[in-house]
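Below is one structure, written out as structure tokens, with a few remarks after it.
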Amino acid sequence: MAFESLASRLQSAFDKLRGRGKIDEAVVSEAMREVRLALLEADVNFKVVKDFVARVKERAVGQEVLKSLTPGQMVIKIVNEELIELMGGNVAQLAASHRPPTVVMMAGLQGAGKTTTTGKLAKYLQKQNRKPLLVAADIYRPAAIKQLQVLGDQLNVPVFSLGDQVSPVEIAKQAIDHAKANHLDYVIIDTAGRLHIDEALMEELKQVREVAKPDEILLVVDAMTGQDAVNVAESFNSQLELTGVILTKLDGDTRGGAALSVKAVTGKPIKFAAMGEKLDALEPFHPDRMASRILG
Ligand code: GDP
954 MAFESLASRL QSAFDKLRGR GKIDEAVVSE AMREVRLALL EADVNFKVVK
1004 DFVARVKERA VGQEVLKSLT PGQMVIKIVN EELIELMGGN VAQLAASHRP
1054 PTVVMMAGLQ GAGKTTTTGK LAKYLQKQNR KPLLVAADIY RPAAIKQLQV
1104 LGDQLNVPVF SLGDQVSPVE IAKQAIDHAK ANHLDYVIID TAGRLHIDEA
1154 LMEELKQVRE VAKPDEILLV VDAMTGQDAV NVAESFNSQL ELTGVILTKL
1204 DGDTRGGAAL SVKAVTGKPI KFAAMGEKLD ALEPFHPDRM ASRILG
């Protein structure tokens, strides 16, 4: 289960607050020392942890304990609120252009779940009575186009492909024209993934962005990879100016580092969470629900 060890570590940190009558500095410091270790062990970015602990301490020390709560519960309440804030506060909405189609560019490293998530997003939009078009612009991985076509067939969503001999820029351009002509209101472009970030990849993505003028550039990252996911997000963001992140594989036993650091490090919200291989396993990312899971 995701966050299991973080949840139990936090629980034991808060257990020590039980029976305390007052939130004084020593009590808070002791609890937060353990919270700090728990977050670091969960692979949360070092600076994020430092700032987080400082904020909770500042708010907790000297805080008037609400009558209905014990001091321990009061600290947990503050930690909960700060966790929610750390993950972006509110649910971040998917863009909807006033002049359809809304163009969504999907980016990500190979294996992160980009193509699967592209299909999931189409299904999510379909459920909202939207008419998405999937665009096969990953022309380098031979199976990628086929994979997208299979997803499109399963979902009954059209897939735009020009094979693997036409440039992704041209594919994107023609796909948008196709969507306009056919009154499709979302264009989801599955761009090329690589094993590692390289200049050629970024250059190509920039060119696609230039032509497609996306309303959203969503980076798909694998939550299981913790800090690496955050570093990948930071690099993509610095080159492409992402509008958001999609975290995948939250059904696995991820420790929590990616979910807790990505917004603070990149400034870009997590818009969706993928929690399984099935096509309906995609949900808008709810920081409050995630915080509840983390707090056990
Ligand atoms: P891409 O290379 O980024 O396009 O990755 P794929 O979409 O091909 O996915 C790589 C693997 O991860 C596949 O086996 C997917 O079924 C799997 N996968 C994708 N998203 C999730 C998820 O949220 N949970 C789990 N458990 N597996 C996922």
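Per my numbering, the very first residue in the sequence shown carries number 954; after that it's consecutive.
Here a beta-carbon is modelled for each residue, glycine too, at the ideal position from N, C-alpha and C.
With respect to the 9 Å criterion, isoleucine 1129 and leucine 1115 are not classified as neighbours on the basis of their beta carbons. A straight-line Cα-Cα distance of about 34 Å links glutamate 1011 and lysine 1202.
Burial is judged here by how many other beta carbons sit within 10 angstroms of a residue's own beta carbon; glutamate 1157 has at least 16 and is buried.
In this structure asparagine 998 is buried. Its beta-carbon is surrounded by 16 or more other beta-carbon atoms within 10 angstroms. Within the chosen limit of 8 Å, the ligand GDP reaches the beta carbon of lysine 1067 through at least one heavy atom. Residue pairing by DSSP places glycine 1015 opposite no residue, since no beta bridge is assigned to it. The shortest C-alpha to C-alpha distance from valine 1173 to any of Leu993, Pro1222 and Ala1165 is the one to Pro1222.
Look at threonine 1201 here: in three-state DSSP terms it is strand.
Counting only runs of 3+ residues, the beta strand (DSSP E) found wholly inside the segment 1076-1113 occupies 1085-1089, in chain order. Contact check for alanine 1186 against valine 1161 fails: the beta carbons are separated by 9 Å or more.
9 Å or more divides the Cβ of glutamate 1169 from the Cβ of glycine 1146. If the five residues before and after isoleucine 1029 are omitted, its C-beta is found closer than 6 Å to the C-beta atoms of Phe967, all from its own chain and listed in chain order. Leucine 963 and proline 1121 have their C-alpha atoms spaced approximately 47 Å apart. C-alpha of aspartate 1241 to C-alpha of glutamate 1152: approximately 37 Å in a straight line. The beta carbon of methionine 1027 sits no closer than 8 Å to any heavy atom of the ligand GDP.
Going by C-alpha positions, phenylalanine 1225 is about 4 Å away from proline 1237. For the pair of segments examined, the segment 1081-1090 was found not to touch the segment 1180-1195: the number of CB pairs separated by less than 8 Å stays below three. Counting the other Cβ atoms within 10 Å of the Cβ of valine 1001 gives 16 or more, which makes it buried.
The straight-line gap separating the alpha-carbon atoms of glycine 1220 and glutamine 1100 is approximately 32 Å. Rounded to whole angstroms, the separation of the alpha carbons of isoleucine 1199 and isoleucine 1098 is 21 Å.
For the ligand GDP, a non-hydrogen atom lies closer than 8 Å to the CB of glutamate 1230.
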